[in-house]
Structures are given as structure tokens and as C-alpha cells.
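S.K.: Numbered according to mature numbering (1 follows the signal peptide of the UniProt record, and there is no 0), the sequence shown spans residues -20 to -1, 1 to 133.
Take this structure first; my questions come after.
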Amino acid sequence: MLKKALMLAALLLPACFAQAHQYTAGQIMIAHPWSMELPPNAPTVAAYFVLENKGDTADRLVSVDTPIAGQAQLHQHIQADGLMKMQQVQTVDVPAGATVTFAPMAWHVMLLDIKDRSKLLVGQRFPMTLHFEKAGDVQVQVVVQKQAPEHQH
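See the structure below:
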């Protein structure tokens, strides 16, 4: 019985770590980096995640890059003249003690000039580096999914 339990634990443990996609840079926690699958012929795709500043000092996301795209731009959706519009921004503030959610129709990273479309299929992962003004750089693994995750922290 104990041997079976240990064998089961050994088999399940890697799966638990594979699903745990949380990263830390200084006082900034980055949770659940994900992207939708790249549709055929689509020139761009967006990446999303949640930033939580656990410190008592504000920080700022100043840029993002990934080897699978020629450009990674910070964007937000704004309402103008009764329409939702996407707008590039230079930085994203992460206030002390606050959470900033990158999600569809909100903040997001727009990936342009896609270099490796094979990394944007469901089940794949690709590296992306977030550059913070104070917390420094942190590389995350972005999980490609068919639809938005059902859980957010």
C-alpha cells in the first residue's frame, strides 16, 4: 500500500510543478502567464498575467521581450468615443500593495513580428522576460491555451 502511494506521489509531483506558474522579481509576484493559441494567418497575439506588488514601494514594468517575436509591446484598452480602443503604453505602474491584471480587453503584451509560430500552439510554452524598474528582470514561461484560464489569483 505504501509503495503504491509513493509511486503515485512520484508520478503526480511533476504535474503539480508543471501547473504552478508563479514567479517572483523582488517584491513583485507574476502569476499565470498565458497566451491564446495563434490562429492561422494571424500576425499578432497577446500575452497575459497577473502582477502583484507585495512590497510597500511602487514599481513599474518598463518593457517585455521574448525570442519568439520581433517586438513585445505593452498595451491597454481604453474607452474613447464610445468604443474600446487598444493603445500602446511605454510603462505600466504597479503600485505598492496592488494587483495589476493583464487580461483580454485590459492591459496586455502584444507580440508582433512572430518569429516562431510553432511555440504558439495549444500546450506549448515560450519564454518571456519582464523588465521592472526596481525589481529587475524575471523570465517567465508563458503557457499557450485554447481559452482564458478559469482561475485567477
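Every residue gets a Cβ at the ideal spot worked out from N, C-alpha and C, and that includes glycine.
#1: Please classify L100: does DSSP put it in a helix, a strand, or coil?
#2: If you count every other CB in all the chains shown that lies within 10 Å of the CB of K126, and 16 or more means buried, which is it?
#3: Measure the C-alpha to C-alpha separation of Q70 and S43 and round it to an integer number of angstroms.
#4: Can you tell me whether D61 is helix, strand or coil according to DSSP?
#5: For I58, count neighbouring C-beta atoms within 10 Å of its own C-beta (all shown protein chains included) and say buried if the count is 16 or more, exposed if not.
#6: State buried or exposed for A22, treating a residue as buried only when at least 16 other CB atoms are found within 10 Å of its CB.
#7: In the structure shown, what three-state DSSP assignment does N21 receive?
#8: With a threshold of 16 other CB atoms inside 10 Å of the CB of M66, please say whether the residue is buried or exposed.
#9: When the Cα atoms are used, what is the spatial distance from A83 to V123?
#10: At the level of alpha carbons, what is the spacing between L18 and T46?
#11: For M108, which beta-bridge partners are listed by DSSP?
#12: Do you know how far the Cα of H111 is from the Cα of Q119?
M.R.: Taking the definition as stated:
#1: helix
#2: exposed
#3: 8 Å
#4: coil
#5: exposed
#6: exposed
#7: coil
#8: exposed
#9: 14 Å
#10: 15 Å
#11: V120
#12: 9 Å
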